[in-house]
Amino acid sequence: MRTDLKRVAFVCLGNICRSPLAEGVFRDVVAARGQSAQFDIDSAGIGAWHTGNPPDPRSIAVAARHGIDLSAQCARQVAPGDFKRFDYIVAMDADNLRNLKAMAPVGSTADIVQFLPFALGVSRDIEDPYYGGVDGFETAYQLIRSASEALAGKLSSGA
Ligand code: 4NP
16 MRTDLKRVAF
26 VCLGNICRSP
36 LAEGVFRDVV
46 AARGQSAQFD
56 IDSAGIGAWH
66 TGNPPDPRSI
76 AVAARHGIDL
86 SAQCARQVAP
96 GDFKRFDYIV
106 AMDADNLRNL
116 KAMAPVGSTA
126 DIVQFLPFAL
136 GVSRDIEDPY
146 YGGVDGFETA
156 YQLIRSASEA
166 LAGKLSSGA
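In terms of our numbering, the sequence shown opens at residue 16 and continues consecutively.
This is the structure:
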């Protein structure tokens, strides 16, 4: 395993709305910084309901409006090995964070953090947009964009 890579997995409940967006936006931010080779980026869900499915069409659409292609992504559930494979497991909300901490096997090495508190220092969830309208996806996108830029800076400066 390359030790110079930063391994980051974004996690939400279903891995079809928020975390695929976070994976795509963070890839875009890192690419714009010329740092793609320094990161291993993935996403996963707390639950297995959507395993094998592409992201929600509303996430694909909001990303596409901002020039990001999520269409190759495929949902999966968080696996025990993720807690050793990744340096950072980044939860979208406080529920996800609590669930991840409960799922972490003994001997886990990943830092399990919540996205907005960790990246931006604000105590706020990226709320689940699944049951709402399109506005919720744009809000999630904007929060994810700000937090991704801050996270890329933070991890590049040795966090
Ligand atoms: P996500 O949104 O956690 O942002 O992917 C959800 C997607 C599906 C469900 C819940 C949240 N669901 O209950 O199926």
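Glycine included, C-beta positions come from ideal geometry on N, C-alpha and C. Predicted model, so just to flag it, every value in this text is computed and none were measured.
For secondary structure counted as the beta strand (DSSP E) over 3 or more consecutive residues, the stretch 106-173 holds these complete runs in sequence order: 126-129.
Counting only residues of its own chain and dropping the five nearest sequence neighbours on each side, Asp55 has a CB closer than 6 angstroms to the CB of Leu20, Arg22. Proximity of the beta carbon of Leu28 to the ligand 4NP is indicated: a heavy atom of the ligand is located closer than 7 angstroms. Taking each of Pro120, Gly62, Leu131, Gly67 in turn and checking the Cα distance to Val105, the smallest one comes out for Leu131.
In the structure shown, Gly82 falls within a coil segment according to DSSP collapsed to helix, strand and coil. Excluding its 5 nearest sequence neighbours in each direction, Ala37 has C-beta neighbours in its own chain below 6 angstroms: Phe25, Ile159, listed in chain order.
Residue side-chain check: Tyr145 places its Cβ nearer than 7 angstroms to a non-hydrogen atom of the ligand 4NP.
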